[in-house]
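Going from the sequence shown to the numbering used here is simple: count from 1 and add 53.
To start, the structure itself, in structure tokens.
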Amino acid sequence: MASKKRKKAAKQAEKAIKKHPKLWLTVLAIVLILAIAAGVYWYFFVYMKRDPSTEDNFGRGPSGEVSGELTIRFLELGNKYAGDCTLIKTGNTEVLIDAGSRQGSAATIVPYIKEYCTDGVLEYVIATHAHQDHIAAFVGTASEKGVFESFECGTVIDFSRTNQSETTDSGARSLYGKYLDCLQDEVRSGAKHYTALECVNEENGAKKSYALGEGIEMTILDQKFYREKSSDENNYSVCMLMTQGSRSFLFTGDLEKEGEESLAALNTLPHCALFKGGHHGSRTSSNDVLLQKITPETVCICCCAGSPEYSTDSAAIFPTQEMIDRVARYTKNIYVTSLATDVSYDPKAWNYTSMNGNITVTSSKTALTVVGSNNSTILPETAWFRENRTWPSYGVQ
Ligand SMILES: [Zn+2]
């Protein structure tokens, strides 16, 4: 029966073609007309109607949906020393990256964090590497409770390696040793603790990516110094990518050039709406190998601009000219937390004030805004910049 029907249909088709020998030409013409109409529609109603203000410097619009709302705060640390402390919040979930720059910073950052972390629980805590300007305030002082003691921590993710010793030459606990002790107390009271290496390998219950809700995800990125020894402690930095749908934010601690090369080689890095300037704006971080992949739209630097803390050589003082020269290809939107004042001939005697102050980046579905608690002036338009740095001619104008 079936084969009879098929034969009948074939015969009818043959007849139709004989009857209308130019039928295929008609079909082709209709397809062509439809294709042209679709092209015209796309040009006038999609391409011409796009909003260039939502596109970045490279003409790329948001490729997908941005979901939820995310707030990222770069904190001032209550003293004149460079260091990091970044508080990220979405819904009722907080992620704290580092607690610098000195043990006494706890007096400044703990009350600040409490303002936003109202339930006393930091769901995720990341300690990027074992330098004091990143871990000191986890410990605190005799009179100021550190971050670990002040908050309940859900999951703590820290460096897989360090060259630091747990004791000082005199046999006392070093700052790193004290950090380990406080961390152990936190684990005893229920915190989960994983190293970055456990995260990227998804070992012992650790995960590479953590869903924070509303399409927001935190991913621990891989880099070779989770496994290999480096003479530079900075290279052990835990690197994290936060994604809010199609919008991305990158945090690399104090990662240096070799680490950045590895980070760029081992991960598919996206265009980033925000990058925490590497290593306080050092000339040895935020290298082209990384920047050309992430093409940052906004760069926030945690440092005391112009401070002679590490060097009195202008070229090495944070934020460095070399770093600015590299970032300038992508964005002018550079923000800095603090500013050195009273810099004198004695390199140890200087003071500090706010530059932008505490920097708050709010990323909603429709926009990304940056507001400083002191002011929201971008670095190239500050008096300090005009006196100490230059904007390269090839830079974004
Ligand atoms: Zn540092």
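Beta carbons are placed, not taken as given, at the ideal position from N, Cα and C, and that holds for glycine.
As the structure is a prediction and not an experimental result, all values here were calculated from the model.
Inter-residue spacing [alpha-carbon to alpha-carbon] between residue i and residue j
i	j	result
residue 286	residue 212	10 Å
residue 98	residue 380	36 Å
residue 372	residue 433	11 Å
residue 364	residue 439	20 Å
residue 408	residue 435	9 Å
residue 431	residue 241	44 Å
residue 90	residue 83	11 Å
residue 370	residue 118	40 Å
residue 443	residue 386	15 Å
residue 417	residue 226	44 Å
residue 165	residue 378	33 Å
residue 278	residue 315	8 Å
residue 429	residue 215	37 Å
residue 384	residue 311	24 Å
residue 332	residue 304	10 Å
residue 441	residue 137	23 Å
residue 154	residue 261	28 Å
residue 411	residue 258	35 Å
residue 357	residue 391	4 Å
residue 300	residue 280	29 Å
residue 64	residue 78	21 Å
residue 446	residue 382	10 Å
residue 351	residue 339	13 Å
residue 324	residue 194	40 Å
residue 396	residue 254	47 Å
residue 309	residue 272	20 Å
residue 424	residue 342	29 Å
Closer than 7 Å: residue i CB and nearest ligand 1 heavy atom
i	result
residue 436	no
residue 266	no
Reduced DSSP category for residue i - H, G, I as helix; E, B as strand; rest coil
i	result
residue 115	Its pLDDT being 45, under 50, residue 115 is placed unreliably by the model, and nothing is read from it.
residue 397	coil
residue 147	strand
residue 131	coil
residue 61	helix
residue 79	helix
residue 105	Below a pLDDT of 50, predicted positions are generally treated as unreliable, and residue 105, at 44, falls in that range; no measurement from the model is reported.
residue 434	helix
residue 447	coil
residue 173	coil
residue 161	helix
residue 266	strand
residue 110	Here residue 110 scores only 39 on pLDDT, less than 50, and its place in the model should not be relied on; the value that follows carries that caveat. If DSSP states are grouped into helix, strand and coil, residue 110 belongs with coil.
residue 297	strand
residue 246	strand
residue 416	strand
residue 255	coil
residue 407	strand
residue 391	strand
residue 224	coil
residue 153	coil
Nearest-angstrom Cβ-Cβ length linking residue i and residue j, presumed shorter than 8 Å
i	j	result
residue 188	residue 232	5 Å
residue 374	residue 319	The Cβ separation is near 30 Å, so there is no contact.
residue 524	residue 146	In the structure as shown, the chain begins at 54 and stops at 450. Residue 524 is therefore absent and cannot be evaluated.
residue 208	residue 169	In fact, because the Cβ distance is near 18 Å, the residues do not count as touching under 8 Å.
residue 267	residue 143	6 Å
residue 159	residue 200	7 Å
Test: residue i CB closer than 8 Å to a CB of chain B
i	result
residue 182	No chain B appears in this structure, which consists of one protein chain only.
Distance cut-off 7 Å: residue i Cβ against heavy atoms of ligand 2
i	result
residue 412	As presented, the structure is devoid of ligand 2, carrying ligand 1 as its sole ligands.
I need the residues with a C-beta less than 5 Å from some heavy atom of ligand 1; please give them in chain order.
186 and 307
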